[in-house]
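Heads up, the sequence shown is in my numbering, so the first residue is 4 and it goes up one at a time.
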Amino acid sequence: MTLSKCFNFQDFRQAARRRLPGPIFNYIDGAADDETTYRRNTSAFESCDLVPRILRGVEDVDLSVTVLGQKLDLPVYCSPTALQRLFHHEGERGVAAAAETYGTMFGVSSLGTASIEEIAKKHSNPQVYQFYFHKDRGLNSAMMQRAKENGIAAMMLTVDSITGGNRERDLRTGFAIPFRLNLRGITEFAMKPAWALNYFTHEKFSLPQLDEHIDFGSGTASIGQYFTEMLDPSLNWDDVARMVAEWDGQFCLKGVMSVEDAKRAAEIGCTGIVVSNHGGRQLDGSRSSFDQLAEIVDAVGDKLDVIMDSGVTRGTHVLKALSLGAKAVGLGRYYLFPLAAYGRAGVERALGQMKAELVRDMRLMGCREIGELSRANLRFR
Ligand SMILES: Cc1cc2nc3c(=O)[nH]c(=O)nc-3n(C[C@H](O)[C@H](O)[C@H](O)COP(=O)(O)O)c2cc1C
């Protein structure tokens with residue numbers, strides 16, 4: 004499929020499936036256990052309908068929002084995701100450039116394959132640094148210092164990954180970093196030589212946020228070990244409160260799903276939370292972000308920025324979330340499949356399509372600014 008034939012999320016997903024070896028496609032596409040939360044994430048948007056207004060002079064539409072102290076031209080941003088150069092050699096560089104083209108924010112993962120220094124130097128659009136909490140408190144401080152020195156706009160601490168989700172597709176293929184493929188996985192790699200050619204003729208895979216601290220290169224350490232041995236499952240509110248104070252700037256918790264936790268985040272000085280179930284990749288059976296959004300906005304929407312992600316594939320999904328009170332919406336697989344299939348050009352096309360959908364849908368809704376969206380224009384079935 005050529006890029007010009009991709010018109011929506013499913014087209015890009017199919018294009019990525021064609022190009023990627025099965026284990027990598029399934030790493031991106033897969034989720035935990037029976038993937039019920041993953042499915043619900045997108046179908047939840049169908050539990051309510053938009054009620055459009057008419058004849059309201061909508062020639063100019065302003066999609067900009069302010070979130071985590073940053074003005075974005077679009078109400079969507081590229082949520083931090085791991086290992087992007089494994090999907091396409093342009094990886095984080097392509098995503099950062101595409102996000103800059105559309106004046107929006109993107110996240111660099113601590114499991115990113117390009118360094119925060121390089122990305123910060125090249126791009127002026129706002130960046131969040133996604134962080135996992137390590138047992139070694141000195142390492143946490145050093146990594147935050149590094150982010151500060153690079154002018155990172157906001158810290159985003161992921162709190163829904165205290166242990167890894169049960170991704171059975173990865174168990175079946177043997178997907179791991181470094182690769183420990185089983186026979187089925189190896190066969191699937193052999194079937195996609197174009198991906199292999201691209202991967203092996205570009206810069207060697209590395210995890211520059213962590214390379215100083217853990218030796219992935221020699222093959223002795225794995226990402227699985229990183230999660231089990233270096234991250235701290237005893238992480239609690241006092242630890243996060245200390246981090247928030249140490250960072251002393253925009254600080255966001257990613258993966259908040261309950262009202263009680265949202266209130267606690269506000270109390271310890273977080274400036275934002277992301278209502279997220281990690282795209283269904285962690286606790287299967289957990290509620291969808293969209294289903295859970297309203298009660299969290301009601302509880303803390305006046306105290307911090309409530310952001311949401313998981314399951315967003317259409318402009319109308321974004322408008323529904325914003326109508327409920329989200330300040331911005333994170334995209335994950337929505338940009339990862341285009342990246343995997345076409346690199347930066349794919350991400351630009353996908354973000355361009357999202358922007359076009361948002362402008363069209365805002366006009367059809369009779370809205371000129373995001374602030375005009377409200378619960379008055381939603382009806383739950
Ligand atoms: C392949 C993949 C890798 C991810 N890596 C990370 C990560 O390193 N850190 C993180 O906080 N979230 C990570 N996420 C979660 C995303 O940031 C986001 O919460 C999720 O993808 C949203 O769901 P969606 O894909 O349905 O849009 C990852 C998601 C995917 C699909």
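Cβ coordinates follow ideal geometry from the N, Cα and C atoms, glycine included.
{"Query": "So what does DSSP say about Ile-119, is it helix, strand or coil?", "Result": "helix"}
{"Query": "Arg-3: which of Phe-15, Gly-94 and His-281 sits nearest, CA to CA?", "Result": "Residue 3 lies beyond the range of the chain shown here (4 to 384); nothing can be said about it."}
{"Query": "In the DSSP assignment, find the beta strand (DSSP E) that holds Phe-134 and state where it starts and stops.", "Result": "130-134"}
{"Query": "In whole angstroms, give me the CA-to-CA distance for Leu-77 and Leu-186.", "Result": "44 Å"}
{"Query": "Touch check for the segment 251-263 and the segment 49-59: three-plus C-beta pairs under 8 Å?", "Result": "no"}
{"Query": "Ends of the alpha helix (DSSP H) at Met-147?", "Result": "140-152"}
{"Query": "Taking buried to mean at least 16 other C-beta atoms within 10 Å of its own C-beta, is Thr-316 buried or exposed?", "Result": "buried"}
{"Query": "Tell me, to the nearest whole angstrom, how far the beta carbon of Leu-86 is from that of Thr-116; I am working on the premise that it is less than 8 Å.", "Result": "6 Å"}
{"Query": "Using only the heavy atoms of ligand 1, determine whether one of them is closer than 7 Å to the beta carbon of Asn-169.", "Result": "no"}
{"Query": "May I ask you to report which of helix, strand or coil DSSP gives Ala-112?", "Result": "Going by the sequence as given, residue 112 is Ser instead of Ala. The answer is strand: DSSP assigns Ser-112 an E or B state."}
{"Query": "Span of the beta strand (DSSP E) holding Val-3?", "Result": "The question about residue 3 has no answer, for the chain in this structure spans 4 to 384."}
{"Query": "Output the distance between the C-alpha atoms of Thr-319 and Ala-224, rounded to the nearest integer angstrom.", "Result": "43 Å"}
{"Query": "So the beta strand (DSSP E) Met-159 belongs to, where does it begin and stop?", "Result": "157-161"}
{"Query": "Quick check: is any heavy atom of ligand 1 less than 7 Å from the C-beta of Arg-347?", "Result": "no"}
{"Query": "Looking at Ile-180 and ligand 1, is the gap between the Cβ and the nearest heavy atom below 7 Å?", "Result": "no"}
{"Query": "Whose CA, out of Arg-347, Leu-322 and Pro-341, lies closest to the CA of Val-68?", "Result": "Leu-322"}
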